[in-house]
Amino acid sequence: MDYSDKVMDHFYNPRNIGEIENPDGVGEVGNAKCGDIMKMMIKVENGVISDVKFKTFGCGAAIATSSMGTELIKGKTLKEAWKLSNQAVVEALGGLPSVKVHCSVLAEQAIKAAITDYCQKNGLDCQALTADI
Amino acid sequence: MIYLDNAATTRILPQVLEAMMPYLNEEYGNPSSFYGLGQRSKKAIELARESVADVICAKKNEIYFTSGGSEADNWAIRGAAYLGGQSGKKHIISSQFEHHAVLHALDFLEKEGYEITLLPITSDGFVDLDQLKDAIREDTCLVTIMYANNEIGTIQPISEIGRICREKNILFHTDAVQAVGSEHIDVNDLKVDMLSISGHKVHAPKGVGALYIRSGVALPNLIFGGAQESKRRAGTENVASIVGFGKAMEILKQNMDKNNEYVLGLRENLIDHILKEIPRTRLNGDRKKRLPGNINISFEGIEGESILLMLGQHDISASTGSACTSGSLDPSHVLLALGLSHETSHGSLRISISELNTLEEIDKVKEVLPGIIKKLRDMSPIWKG
Chain A
1 MDYSDKVMDH
11 FYNPRNIGEI
21 ENPDGVGEVG
31 NAKCGDIMKM
41 MIKVENGVIS
51 DVKFKTFGCG
61 AAIATSSMGT
71 ELIKGKTLKE
81 AWKLSNQAVV
91 EALGGLPSVK
101 VHCSVLAEQA
111 IKAAITDYCQ
121 KNGLDCQALT
131 ADI
Chain B
134 MIYLDNAATT
144 RILPQVLEAM
154 MPYLNEEYGN
164 PSSFYGLGQR
174 SKKAIELARE
184 SVADVICAKK
194 NEIYFTSGGS
204 EADNWAIRGA
214 AYLGGQSGKK
224 HIISSQFEHH
234 AVLHALDFLE
244 KEGYEITLLP
254 ITSDGFVDLD
264 QLKDAIREDT
274 CLVTIMYANN
284 EIGTIQPISE
294 IGRICREKNI
304 LFHTDAVQAV
314 GSEHIDVNDL
324 KVDMLSISGH
334 KVHAPKGVGA
344 LYIRSGVALP
354 NLIFGGAQES
364 KRRAGTENVA
374 SIVGFGKAME
384 ILKQNMDKNN
394 EYVLGLRENL
404 IDHILKEIPR
414 TRLNGDRKKR
424 LPGNINISFE
434 GIEGESILLM
444 LGQHDISAST
454 GSACTSGSLD
464 PSHVLLALGL
474 SHETSHGSLR
484 ISISELNTLE
494 EIDKVKEVLP
504 GIIKKLRDMS
514 PIWKG
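Chains A and B, in that order, are what the protein sequence lines are. Using my numbering, the letters of the first sequence map in sequence onto residues 1 to 133. Using my numbering, the letters of the second sequence map in sequence onto residues 134 to 518.
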């Protein structure tokens with residue numbers, strides 16, 4: 001597989017791996033059928049993602065995109081994190097083989113799922129929180 | 134580098150390379166040419182033919198060189214289908230875990246109006262003979278079942294299948310690409326009509342193989358043209374590779390039993406260690422009726438490509454049934470045919486050992502694999518330690 005050095009770095013040394021005790025939001029996406037499952041947990045303080053952890057069942061690209069995804073949203077506001085696109089993750093990793101780009105979509109979905117979960121748990125209107133004014 | 138993917142391809146042996154060299158250099162004659170240079174090439178390929186025939190107890194004029202296993206499979210299957218079609222018999226029986234060279238050739242025939250029955254596989258990796266008997270019809274023109282599966286290594290009841298087919302007068306082809314390197318094959322005892330062999334699985338170069346066609350089977354050509362291979366397979370012969378193939382088969386005949394014993398020892402050593410040291414793993418396919426070098430194990434909770442990447446850090450090469458390395462979204466059709474879930478199929482690792490591997494290499498795998506599995510499991514949301 002033609003993975004960039006950055007992808008391999010994030011695979012061998014994943015950032016923010018693990019779980020959060022009492023997470024504020026949890027997003028789990030993907031399924032075993034496809035061979036990719038991502039679980040992201042976030043801690044939110046004053047509308048900012050103060051901590052994020054992930055666990056992933058999947059290939060090199062799946063783990064690397066999860067890891068990069070968490071790095072890109074840590075310390076960001078919910079609105080900024082919501083805006084994170086899969087292309088941004090791919091670019092930050094220096095590109096992915098075309099057959100692996102779908103893994104980055106999963107990372108984007110996991111983040112959105114975690115934020116949605118946070119909003120639901122706190123009775124917040126996700127649309128309002130993450131929309132552009 | 135620790136190379137443990139011998140089911141994918143094997144290294145060319147030094148003696149094989151040495152045998153090939155003149156035919157890549159000063160012996161460049163076309164075997165169909167009248168003069169000495171050509172005739173020497175011709176003689177060399179005829180000697181190679183004998184060596185290949187010898188390994189499977191065939192007559193030398195029953196061996197036809199091809200560009201490899203895929204061509205041999207396609208030739209046998211499309212040729213037999215043609216013969217069947219000529220007498221109104223358009224039903225073919227095969228199995229769900231064949232190599233794609235067989236399955237995709239059958240897909241094409243299906244579009245051409247043939248009916249294909251793909252027999253299911255038992256949970257330990259075998260074709261069921263009763264199901265085969267039940268599947269046979271008046272209009273069955275071909276049975277094609279692989280000798281040993283490339284992913285899980287299980288060895289099929291070929292002589293029983295041969296007996297059944299011979300009784301019913303149905304052509305029987307077997308893709309023996311993975312089996313020739315370790316199984317004692319006598320095509321007459323087995324009652325096979327056609328058998329595929331691939332050079333690069335037996336320490337010969339890539340791009341060469343053979344189809345055994347029993348005398349009397351009037352299989353039409355796949356490739357038309359010049360008079361090569363007794364007019365049955367046209368194209369100027371790949372002399373150097375054929376010579377290499379012949380040499381490799383000669384060496385194989387001498388060393389097969391010794392190699393098997395050695396490789397089996399390494400395999401059992403590694404399987405025992407993995408099953409003992411790493412929890413929640415399963416060996417896919419029967420342990421005993423299995424190619425001596427084949428290991429296929431699923432590790433619960435993690436994915437195969439990740440295992441390969443981690444092994445790659447230690448310069449260990451193997452393979453997986455995970456979809457992620459195949460470019461499709463489905464994991465190995467072989468593992469799914471075994472009845473494994475998608476998840477278990479994605480989490481599989483195939484290690485295939487050859488006589489060139491050493492105990493030190495196996496020890497290295499034993500040393501690093503448990504840690505790799507643990508690290509990946511700690512990262513997995515579906516592993517509940």
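Quick reminder that beta carbons are idealized off the backbone N, C-alpha and C, glycines included.
Identify, in the order they occur along the chain, each residue of the same chain with its Cβ nearer than 6 Å to the Cβ of residue i, setting aside the five sequence neighbours on each side.
i      : result
A:G18  : K53
A:K39  : E28, K55
B:I506 : I411, F432
B:G342 : T199, G201, G202, A205, I330, S331, G332
A:F11  : G60, I63, A64
B:R182 : K193, I196
A:V7   : A64, L93
B:H224 : E248, R270, D272, T273
Residues of chain B with CB closer than 9 Å to the CB of residue i, please, in chain order.
i     : result
A:K55 : D511, M512, S513, P514, I515, W516
A:E28 : P514
CB-CB under 8 Å to residue i, same chain, minus the five flanking residues each way: which ones, in chain order?
i      : result
A:E108 : G69, L84, S85, N86, V89
B:G359 : S165, A367, G368, T369
Just to make sure I have the definition right: I need the residues of chain A whose C-beta is within less than 7 Å of the C-beta of residue i. Which are they?
i      : result
B:L442 : F11, G60
B:Q311 : Simply none; closest approach about 24 Å.
So which of the options has the shortest CA-CA distance to residue i?
i      : options                        : result
B:R296 : B:A186, B:K324, B:A456, B:I226 : B:K324
B:R423 : B:S374, B:A367, B:D257, B:I303 : B:D257
B:S200 : B:G454, B:K508, B:L385, B:G368 : B:G368
B:F241 : B:S228, B:V260, B:A214         : B:A214
B:A470 : B:I225, B:Q229, B:I178         : B:Q229
B:C190 : B:R483, B:D322, B:K517         : B:D322
B:E195 : B:R347, B:I440, B:K244         : B:R347
B:A152 : B:K499, B:G377, B:R483         : B:G377
A:K112 : A:Q127, A:P14, A:S98           : A:Q127
B:T276 : B:I285, B:H306, B:F259         : Per the sequence shown, residue 276 of chain B should be read as Val rather than Thr. For B:V276, the nearest C-alpha among the options comes from B:H306.
A:K74  : A:H102, A:V44, A:V101, A:P14   : A:V44
B:S487 : B:G454, B:Y395, B:D511         : B:Y395
A:F57  : A:C103, A:D5, A:D2, A:T130     : A:C103
A:E21  : A:D51, A:A32, A:S98            : A:D51
B:I124 : B:G426, B:V501, B:P464         : Coverage of chain B is limited to positions 134 through 518, which leaves residue 124 of chain B absent and any answer about it impossible.
B:A187 : B:D319, B:S452, B:I288         : The question names Ala, but residue 187 of chain B is Asp in the sequence shown. Out of B:D319, B:S452, B:I288, B:D319 has the C-alpha closest to the C-alpha of B:D187.
A:A114 : A:D5, A:D125, A:N31, A:G25     : A:G25
B:D463 : A:C34, A:S4, A:K121, A:S67     : A:C34
Can you name the residues of chain A whose CB is closer than 9 Å to the CB of residue i?
i      : result
B:G434 : F57
Looking only at its chain, what residues have a beta carbon closer than 7 Å to the beta carbon of residue i, apart from the 5 residues adjacent to it on each side?
i      : result
B:L180 : G379
B:M134 : D448, S450
B:R365 : Y197, N354
B:V335 : T143, V313, G314, A381, M382, L385
B:N393 : S315, P425
Under 8 Å, Cβ to Cβ, is there at least one residue of chain A near residue i?
i      : result
B:E284 : no
B:A456 : yes
B:L137 : no
B:P464 : yes
B:S439 : yes
B:Q446 : yes
Does residue i have its Cβ less than 8 Å from a Cβ in chain B?
i      : result
A:G94  : no
A:A128 : no
A:G69  : no
A:P14  : yes
A:V76  : The sequence shown places Lys at residue 76 of chain A, not Val. No, its Cβ sits nowhere closer than 8 Å to a Cβ of chain B.
A:I20  : no
A:G47  : no
A:I115 : no
A:I63  : yes
A:G123 : no
Show which residues of chain B have a CB atom less than 8 Å away from the CB atom of residue i.
i     : result
A:A32 : S474, H475, E476, H479, I515
A:G25 : Within chain B, no residue comes near A:G25; the closest Cβ sits about 15 Å away, beyond 8 Å.
A:Y39 : The question names Tyr, yet the displayed sequence has Lys at residue 39 of chain A. Result: P514.
Just to make sure I have the definition right: I need the residues of chain B whose C-beta is within less than 7 Å of the C-beta of residue i. Which are they?
i     : result
A:I17 : M512
**Q.** Residues within the segment 475-493 of chain B neighbouring chain D, beta-carbon criterion of under 7 Å
**A.** Annotation note: the requested chain D is absent from the structure, which comprises protein chains A and B.
Q) Below 8 Å, can you find three or more Cβ-Cβ pairs linking the segment 205-216 of chain B to the segment 321-335 of chain B? A) These segments touch.
Q: Assess, as a yes-or-no matter, whether the segment 233-251 of chain B is touched by the segment 96-115 of chain A under the definition of 3 or more beta carbon pairs within less than 8 Å.
A: Too few Cβ pairs lie closer than 8 Å, so no.
**Q.** Any 3 or more C-beta pairs closer than 8 Å across the segment 300-318 of chain B and the segment 274-289 of chain B
**A.** In this structure the segment 300-318 of chain B lies against the segment 274-289 of chain B, because at least three pairs of beta carbons, one per stretch, are closer than 8 Å.
Q.
Under 8 Å, with one C-beta from each stretch per pair, do the segment 388-401 of chain B and the segment 256-272 of chain B reach the 3-pair mark?
A. Taking 8 Å as the limit for Cβ pairs, the verdict is that the segment 256-272 of chain B does not touch the segment 388-401 of chain B.
Q) Should the segment 158-178 of chain B be regarded as contacting the segment 477-490 of chain B, the criterion being three or more beta carbon pairs within less than 8 Å? A) Touching, no.
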